[in-house]
Structure formats: structure tokens, C-alpha cells
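Report on the structure given below.
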Amino acid sequence: MLSLPFIPATAQNINRPKVIVPFSPRTLDQARAAVQWAGRAREAGADAFEWRVDALVGDAGQNSAESAELLKLAQRAIQGQPELPVLITLRSAAEGGQAQLDEAGYAAVVSELISCAESAQASKAHTRIAVDIEIDREAADQLRKHAGEAGIPVVASHHDFDRTPSTGVLLAKIRDMIVMGADVAKIAVMPQDPSDVARVLEVCSSAVETAEVPIIAISMGALGRTTRVFGGDFGSAATFAPLDDEPTAPGQISVAKLRSIWTEVR
6 MLSLPFIPAT AQNINRPKVI VPFSPRTLDQ ARAAVQWAGR AREAGADAFE WRVDALVGDA
66 GQNSAESAEL LKLAQRAIQG QPELPVLITL RSAAEGGQAQ LDEAGYAAVV SELISCAESA
126 QASKAHTRIA VDIEIDREAA DQLRKHAGEA GIPVVASHHD FDRTPSTGVL LAKIRDMIVM
186 GADVAKIAVM PQDPSDVARV LEVCSSAVET AEVPIIAISM GALGRTTRVF GGDFGSAATF
246 APLDDEPTAP GQISVAKLRS IWTEVR
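When you read off a place in the sequence shown, starting at 1, and then add 5, the result is the number in my numbering.
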């Protein structure tokens, strides 16, 4: 098992989760500002930044000129910001993202991103990179193996924007991620009532007791904000917080507000 550069493999039952700031450019011009943006995230106190490429990939797939340019920009951004670790994410439309790709298209783009991360990491030994792989994609296991061979840590993820599955289903998802060889297991689900939020925290607390990898557990939306602020008290290893008030998922709280809350209550 690889240890993520920003989430130590022993990060269980920590009180303050690591802060990952998402960056989701919608145009190539915005993407070209990644290095400057990451610098702002670092100054704001981020532990890592997430490069969300799905808004740029859209339904183009990996063979378009736009996607080729995207990969080049991603590699340059990673190489240009060695002080802040990077999580590369292609979020599919099936899991709330903007990448309108079929299974083959998703696998092809993520595979290219892994190769991009490998090249960037090889060119700068101190560059720290991880990649998100959705556990429910058909090629998840194959992509995890590719990442392992490339020396790139994997955040295996499952997102449900409609509901909060049962405790058994959520624990089974986490087990599947661990069996697959993920370095971090992440679940993010939508609550319908407060009991759903409590169940996510219960699942996280239960999972970290036996899991050999860090767990990230998030209940989305306004109702689930407790998990983003106080998830660390239940063992969640990281939280996602935008640099400004432009969330990439429902319920995200900006870095400044999050740190202000922690300062008040810790």
C-alpha cells in the first residue's frame, strides 16, 4: 500500500482532517492559471489541491486536441507547484461530475492522467501526486493496478447524489475499495434526514477501527455539513473546501470559513 503524500497511512481518528481544495477550471485559459491558483490555496492553509479535470474533458474523450492540451497543462501545473500535493480527479456524470464519458472513455482518460502523473513525478522527485478512481467503474481494478505500477497513490471513491445507502452497503463499498488495493477509501452521499448524516459518521467510525487505509466520509448538502467540519472527530482523514465560495459539491465550506470554525471550537 502506498501512503498518500497528504494523508499519512496512519491518519486514523485524527481531530483535524487534512484540507483538500478543489480546482475545477471550465476553460483552458482558466486551467493555465493552475500554478497561481495553487499558490493561493497554499497561502490559505490548504494541505493539498484537487485538480478536477471533468469540466474540461466533458464528452470529448482522450483523442481531442482539447484533452491533449489539458494533459499537458495538468503536467505543467503539477511540476510547477511541488510544494502542494495534487489529487487528480475525473468525476464522471454518473457520480455527479461533468465528464460525459462511457466506461471505455472514462478508463482511457484516467489511464492517460495516471501516465501524466507518472511523468510529472519522475521529472521532479519531490512532486507529490495521487489520483481518484471511481470504484463503480468497470475498469476500476485495472486502473488501480496501472496506478500502482506507476507509483501513484489511489483515492478510491463512491458518490451517491440521490440518497444515503444502508450501513451495510456503505461498509461493503469501503471493503471493496480496500480489497482493490486503494490507498484511501472515500464515500460521499446525499442525506435525506439527520439520521442519514449520523449513519455516515457511524460508518466512518466503524470503518477506521479495522481499515488499514485512511477513510474519507462525507454527507453532502447543507444537512451534511457537520461531516465536513467535524468528520475528523469520527476518523475521517480529509475534507474538501473551496478557496472561494464556489463549491464543487453540495455543502462544501470555504477554507477560510472552515478554519475560522476550527479556531473557535478547538
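The C-beta atom is built at its ideal place from N, Cα and C for all residues, glycine as well.
DSSP places Arg57 in the strand class (E or B) of the three-state scheme. Using a 10 angstroms sphere on the CB of Val24, the tally of other CB atoms reaches 16 or more, which defines it as buried.
Runs of the beta strand (DSSP E) spanning 3 or more residues and lying entirely within the region 232-260 occur at 243-245, in chain order. Straight across, the Cα-Cα distance linking Asp52 with Gln197 is about 31 Å.
Ile223 sits in a strand when the DSSP states are folded into three classes. Your pair Ala216 and Ile266 does not check out as a contact, with CB atoms roughly 27 Å apart and the cut at 8 Å. As the crow flies, the alpha-carbon of Asp167 is around 6 Å from that of Met195.
A check of alpha carbon separations from Gly256 across Gly50, Arg233, Asp238 identifies Arg233 as the nearest. When DSSP reads this structure, Ala190 sits in a beta bridge with Ala161, Ile220. Excluding its 5 nearest sequence neighbours in each direction, Ala155 has C-beta neighbours in its own chain below 6 Å: Ile119, Glu123, listed in chain order. Cα atoms of Tyr111 and Glu269: separation of roughly 42 Å, rounded to the nearest angstrom.
Fewer than three beta-carbon pairs drawn from the region 237-244 and the region 31-41 are found closer than 8 Å, and the two stretches are therefore not classed as touching. Pro13 counts as exposed, since fewer than 16 other C-beta atoms from the protein chains shown sit within 10 angstroms of its C-beta.
When secondary structure is reduced to three states using DSSP, Ile140 falls in the coil class, being assigned neither helix nor strand. With 16 or more neighbouring CB atoms inside 10 Å of its own CB, Asp59 falls in the buried class. In the structure shown, Pro196 adopts coil according to DSSP, grouped into three states.
Looking at the backbone, the Cα of Arg133 and that of Ala261 are separated by about 24 Å. Secondary structure of Ala135 (DSSP, three-state): strand. Just so you know, the alpha carbons of Leu95 and Arg45 end up roughly 22 Å apart. Between Gly229 and Ile220, the C-beta spacing is not below 8 Å. Contact annotation, Phe28 with Pro90: C-beta distance approximately 13 Å; criterion of less than 8 Å not satisfied. By the beta-carbon neighbour count (other beta carbons within 10 angstroms, threshold 16), Glu139 is buried. Nearest in C-alpha terms to Glu117, of all of Asp137, Glu88, Ala177, is Asp137. Here Leu175 is near Val208, since their CB atoms are less than 8 Å apart.
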